[in-house]
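Comments concern the structure below.
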Amino acid sequence: MARTVAELTAAVNAALSKLSLADDIPDPARFQLLDVLDKLRGVVEPPIQSLLNICWAAHPLVSIRTAIGMGIFDAFAAAGGAALTIDELNDNEKVKGDKDLLIGLSATVRVMRLLSANRLFTETEVYKYQPQPLALGFATGAPPAIHMILRATAHTQEFLESRDYKSPDDAYDTPFQQAYGTKLHHFEWLAQNPDEQHAFNTVMETANRAVEGEQWYDFYPWDERLGKDADRVLVVDIGGGKGHDIARFKEKKNPAGRLIVQDLPEVIQDIQPPLAQGIEAQGYSMFDAQPVKGAKAYYMRTVLHDWPDKQALQALQQIREAMAEDSVLLINENTLSETNVPRFNTSVDLIMMTMFSSLERTDKQWLSLLERAQFKVLKVWRPGEQGVGSNALFEAVPV
């Protein structure tokens, strides 16, 4: 057995040396490889180590958020990504924290140890740290929004216990409200906290792209199904954030017809730089009457998963009332398989419950929701290469 393990270790190390510079691995191959590595880890990892990994999973995030507050990432960014010693960090005006304690006791060192252990930095020598590309992404402007989710998630068990472990279904009664001592919906709370609003907007614009997979307009025959009427609104992107999705559609496909992105006013006001010519931005709540009547397509990407069925049905009703006879509804969403749900999707499902009392839905749940909203699903379109998010497009018409 020892020989077998030694041979396996050597084989993995040999493969690792070949992959270290291979940045062009297709995502499906990456996920397949990661799945195999997870299984291998599950076989060889001692149970106590597995338990500690679960129990201490929040520590890297806490250290990242702390390092953002201390200005550590900003210091490395200002140095152009060069390695810095602990003395150079202590002397840097961007870095907060104790300077006069013994080096091994300073908060800076203790945070850097944790960040290095989680591969954000490499310790090139004693108390000298080389940032990895991921670390520089947390410099000034980096969104701490995920830390907000952690704070709310910490209240989940207590919240559910107080409700006899019933799955929540009220968007105004969630672990988030309990964690932050507010009666406001999460989006309403963001509107009153501009820094958090900007962080949320940035996450929606950037981080989500890494898990989107193939874009809807690359696997859905939009030019054939939507037509080419230059005088008509072609797509209304409801809840489209800062317009990143509709902007890419415009840039890549240059469709005829008007394009409109809608989101809450505080999100639309955060759009910088201005959107490309031909894209209009409207401040709008999807629970109000839809101001754009008779568009060819009303599109929503990972919007309804933020809402339990009650509010999702209300939003869909506003769209239905605005549609023309030939309008279509396009719902681009994450879907859960009935069994063996991947870790990423199970975590997003927990986030939806924690922040919104909502959920990640299976195909059956999406079809049921749209049927109750008086829509008929014409087809569920899927990309050839599945990502981990936004992996189905439900094309529907009113009935």
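Counted from 1, the sequence shown has number 393 at position 393 by the UniProt record's numbering; the numbering is strictly sequential.
For glycine and all other residues, C-beta sits at the position ideal for the given N, C-alpha and C.
Secondary structure of R301 (DSSP, three-state): strand. For E338, the three-state secondary structure derived from DSSP is coil. In summary, V233 is buried, with 16 or more beta-carbon neighbours lying within 10 Å of its beta-carbon over all protein chains present.
Excluding sequence positions up to five before and after A297, its CB lies within less than 6 angstroms of the CB of L226, V235, V328 and L330, all in the same chain and listed in chain order. Ranking G81, Q177 and I86 by CA distance to the CA of A139 puts G81 first. Leaving aside the five residues that flank L304 on each side, the residues in its chain whose CB is nearer than 6 angstroms to its CB run, in chain order, A312.
Contact between S357 and D170 holds: their C-beta atoms lie close to 5 angstroms from each other, under 8 angstroms.
Shown here, R3 sits in a helix according to DSSP, grouped into three states. V341 places its beta carbon 9 angstroms or farther from that of A322. Beta-bridge analysis with DSSP links E395 to L330 and K379. Looking at the DSSP output, I260 sits in a beta bridge with V236 and E280. Per DSSP, K242 lies in no beta strand (DSSP E) and is assigned neither H nor E. Three or more beta-carbon pairs separated by less than 8 angstroms are not found between the region 89 to 98 and the region 180 to 190, which leaves the two stretches without contact.
Annotation for M352: H305, D306, S358, L359 and E360 place their beta carbon closer than 8 angstroms to its own, counting only its chain and skipping 5 residues before and after.
By the Cβ-count criterion, V267 is buried, with 16 or more other Cβ atoms from all chains shown falling within 10 Å of its own Cβ. Annotated three-state conformation of E371 is helix, per DSSP. For Q157, the enclosing alpha helix (DSSP H) has its first and last residue at T156 to S162.
Secondary structure at F121: strand, using DSSP grouped into helix, strand and coil. DSSP, read as helix, strand or coil, puts Q130 in strand. Within 10 angstroms of the beta-carbon of L16 lie fewer than 16 other beta-carbons, which makes it exposed. Only buried fits V348, as 16 or more other CB atoms lie within 10 angstroms of its CB.
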